[in-house]
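Protein chains in written order, with the numbering used here: chain S, 99 to 307; chain X, 53 to 526; chain E, 28 to 80.
Have a look at the structure below before the remarks.
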Amino acid sequence: METCVGGVAMDLTKARDSRVARKNLPFVRIASRLRASFSQLVRHPWRANPTQGTIPFPSPNLRICRSVIAGLVVGGLVVVSQAAPSRLHLELDPPSTNRVSDDGTVDLQWLGGTGPFELQQATSEDFGDAKTRYRGSDTETVITGLREGSYHFRVREITADGKPTNWSEPLMMEVHYLSRGQLFLLLGTGAFVTTLTLGAIVHGFLRHR
Amino acid sequence: MMTDEPALPVSTAWSLVLGLGVLWVVLGIWWGKKAQTSEGFMLAGRNVGISLGSATAMATWVTSNTTMVAPLLAFEKGIWGMLAYASASFGLMLFAPLAYRIRRLLPDGVTAGDFFRRRYGHAGWAVFLVITLVYSITWLVTMAIAGGKLLEALGGIDYVQGMTLILGVCVLYTLFGGLYAVIGTDFIQSLIILVGIVFIGFEALQHVNVQEVHSYLVAEQPALLDVMMPAALLAIFNNMLFGFGEVMHNNVWWSRAFAMREKVAPRAFFLSGVLWFPIPIAAGFLALCAGPLGVNVTDPGKVGPQVAEHVLGLAGLGSMAGVIILVVLFCSMASSIDSLLAATSDLLVRDIYEGVFGQHLNPEKFRPISATAIVVVSLIAWALALSEWSIDQVLFSAGALVASLIWPVIAGLFWRALNVPLVIVGIIAGCVTGLWAYFQIQPYTGALVGAAVSMVFTFAARWVGARPLGTLTD
Amino acid sequence: MGGCASSWNPHRLTMFSASFLQILVLLGLIWTALGAVTLVGLLIRDWIKGELW
């Protein structure tokens, strides 16, 4: 099945596989700094013979300073992770990278929130003509009866105090039906076989009645 | 609207199914007293009238597919989805002239196997038996699975227990009463199905009018109203031929043709088709109401019961909604399961036990043999249903097999001369090419290709090396 | 199959009208109801004539 490029939702799988993306993730940057700080805090063995070179143990004041900094960093991470809203992820049900529907049906599910949710559908990428397709606590919906064309979907959570969260990454689906030529071939062949079948039964019945 | 929770308490679901089950079994025992001979057991005395004949044919063709898949098709394929499914009634109507001819040619016939053996010899008979046993058991298994899933979804009953319960109930009353029990219970079940669908449909109209539905569809699901809806149209003739093949070849319908009085059979089958035609439309309409009623559909396969439950809830029926839906669906499944059990076991007795193994069925002592056959069939179905193997694919692909039998049946009943070996080759060719088309091209071409290829061979068999066909009496 | 370009022009498609849907639905429901009535009527007739089974 063909897939259409452009306006496709961010694929978290691609992000995880991309080393560049990983390096740029804030959490990874902080973690690498922690690792570097921590490696300096680890005691190296005190060499018995000071003339062969030893790694000087940090002074007490410096040790305390670094401990405080490390503690602040870890504490800050905890605070940040609790404050950031969970990202809703909109995907097909079952998950698939296929973005073409051949019968005008789209089965959507969204993960990462507790609800209630609002799902929007639009024909333009900027959601200028968006309309709400669903509002409620369910985490999936099936949309049918879509004509040929491109459809963009996005979902957001409405928090307990009525404030909406950010929209999820949009998901684009293309509805593309069977070509007219193939359809008429099927209809023509089917009509031919069915008509002959009906004719044979009626003819046989009338002959033997 | 959340749909994961059962609509009924478990205890209510158990009581309902057990209550209905006891009713069917008691009736089965009562009616079964009329079956004093094997002919009485298998063919209800060959004297069934038009009311019971029409009802049994109609009820058997109303399966859980009719009540569950019709709404699904309407929800996904719109108006054409409903109309295309309704065209499956044409198979029943077309069986009317066949039934007329069957009774003329086979006055002492018992099963469809009798026709294939006498017309197409042992080779044709063997091919027919393989096809029909695969199809019949697959159909039976899908009904058992549907029953188990229904009881689990509606009543919270464990799948294995529910599936075993539905199958067990049908086995019991078929065992005791044979075709008398099947036909008698079919009449009651058909009334429940018809009344239930009408009640739910008119209740839906109390809460949403058709104009609102149409306006909603135009705005939100316009393709469902399109006259040229490709997704709906592409399978229309394939499914029609699938339906023709199912009815024309299967012993479920042949046994009814033999069971009814000779002049009644054609009229009963035609009437059953007429009675069946509006059911997918009435059931399908519910699915179109989902959007206007604000029902969020999360599983299209359950859109019918989901909307029905919502509508009956709006009507203030509360838990009665689940009761009504469960009863209607249970009846639609039981009316097909009992027919399949009876007809398939008849094939095993008549064609395998008597035909292949050359045994003689003692007219007075037929019950143990028939009972064994029913139990064997049900155990096979139960085991396959237990595995929850994705047997839907097998059933749908069987369209290629059954469609390949359409023209051999027509030719064998109505034509005067035929090249029998060529027809048998045509059946096999139709099966092979149909299955190839199903898996390699698209599923909605399997039955069409099977029927077309078999048709070509059968036509050729009329002109190439054709020999006069004899009578069908032994 | 062809590419992503649409081969159907929605403006040329005709749709089933509201009237058609109204007739279809009512016909379906009334026809189904008549089916139940017919079966009961035939049952009574067969029973009276002794032609049930």
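Yeah, the Cβ is synthetic: ideal placement off N, Cα and C, and Gly gets one too.
Just so you know, these numbers come straight off a predicted model, no measurement behind them.
At a cut-off of 8 Å between C-beta atoms, residue 117(X) does not count as an interface residue with respect to chain E.
Excluding its 5 nearest sequence neighbours in each direction, residue 349(X) has C-beta neighbours in its own chain below 6 Å: 342, 355, listed in chain order. Residue contact check for residue 238(X) against chain E: no CB pair falls below 8 Å. For residue 234(X), there are no C-beta contacts with chain E under 8 Å, since the nearest C-beta of that chain is about 12 Å from it. A check of alpha carbon separations from residue 361(X) across 351(X), 352(X), 374(X) identifies 374(X) as the nearest. In the structure shown, residue 41(E) falls within a coil segment according to DSSP collapsed to helix, strand and coil. Here the region 245-264 of chain X does not lie against the region 388-404 of chain X, with fewer than 3 beta-carbon pairs under 8 Å apart.
In summary, residue 189(X) is buried, with 16 or more beta-carbon neighbours lying within 10 Å of its beta-carbon over all protein chains present. By the neighbour-count criterion, in which 16 or more other beta carbons inside 10 Å mark a residue as buried, residue 205(S) falls on the buried side. For a Cβ distance threshold of 7 Å, residue set 45 of chain E lies close to residue 263(X), ordered along the chain. In the structure shown, residue 215(S) adopts extended strand secondary structure according to DSSP, grouped into three states. Distance from the CA atom of residue 66(X) to the CA atom of residue 207(X), rounded to whole angstroms, is 8 Å. Boundaries of the beta strand (DSSP E) harbouring residue 188(S): 187-190, taken from the DSSP string. Among the residues of chain X, those whose CB is under 7 Å from the CB of residue 306(S) are 153, 466, following chain order. Secondary-structure assignment with DSSP links residue 230(S) through a beta bridge to 218(S). Separation of residue 440(X) and residue 215(X) (C-alpha to C-alpha, rounded to the nearest whole angstrom) is 11 Å. For residue 333(X) and residue 122(X), the gap between their C-alpha atoms comes out near 8 Å. Beta bridge pairing from DSSP links residue 207(S) with 189(S), 238(S). The Cβ neighbour count for residue 420(X), taken over all protein chains shown within 10 Å, is under 16; the residue is labelled exposed. With respect to residue 271(S), residue 194(S) sits apart: the two C-beta atoms are not nearer than 8 Å. The straight-line gap separating the alpha-carbon atoms of residue 75(E) and residue 69(E) is approximately 10 Å. With contacts defined as CB atoms closer than 8 Å, residue 336(X) and residue 133(X) qualify as a contacting pair.
By the 16-neighbour rule on beta-carbons within 10 angstroms, residue 520(X) is exposed.
Assigned with DSSP and collapsed to three states, residue 159(X) falls in coil, not helix or strand.
Residue range 247-255 is occupied by the beta strand (DSSP E) that includes residue 251(S). Under the Cβ criterion of 8 Å, residue 330(X) is counted among the residues facing chain E. The region 134-149 of chain X makes contact with the region 317-331 of chain X, as at least three CB pairs between them are under 8 Å. Sequence-distant Cβ neighbours of residue 233(S) in its own chain, meaning closer than 6 Å and more than five residues away, are 216. According to the DSSP assignment, residue 272(S) belongs to the beta strand (DSSP E) that extends over 269-273. Contact annotation: residue 84(X) and residue 230(X) have beta-carbon atoms nearer than 8 Å.
The beta carbon of residue 227(S) sits no closer than 8 Å to any beta carbon of chain X.
Fewer than three Cβ pairs drawn from the region 261-274 of chain X and the region 110-122 of chain X lie within less than 8 Å of each other, which leaves the two stretches out of contact. Setting aside the 5 residues that flank it on each side, residue 168(X) is surrounded in the same chain by 176, 177, 180, each with a C-beta closer than 6 Å to its C-beta; the list follows chain order.
The closest CA to that of residue 162(X), considering only 125(X), 195(X), 201(X), 91(X), is found on 91(X). Between residue 109(X) and the set 281(X), 243(X), 204(X), the nearest pair of CA atoms involves 243(X). Per DSSP, residue 282(X) is one residue of the alpha helix (DSSP H) stretching across 282-285.
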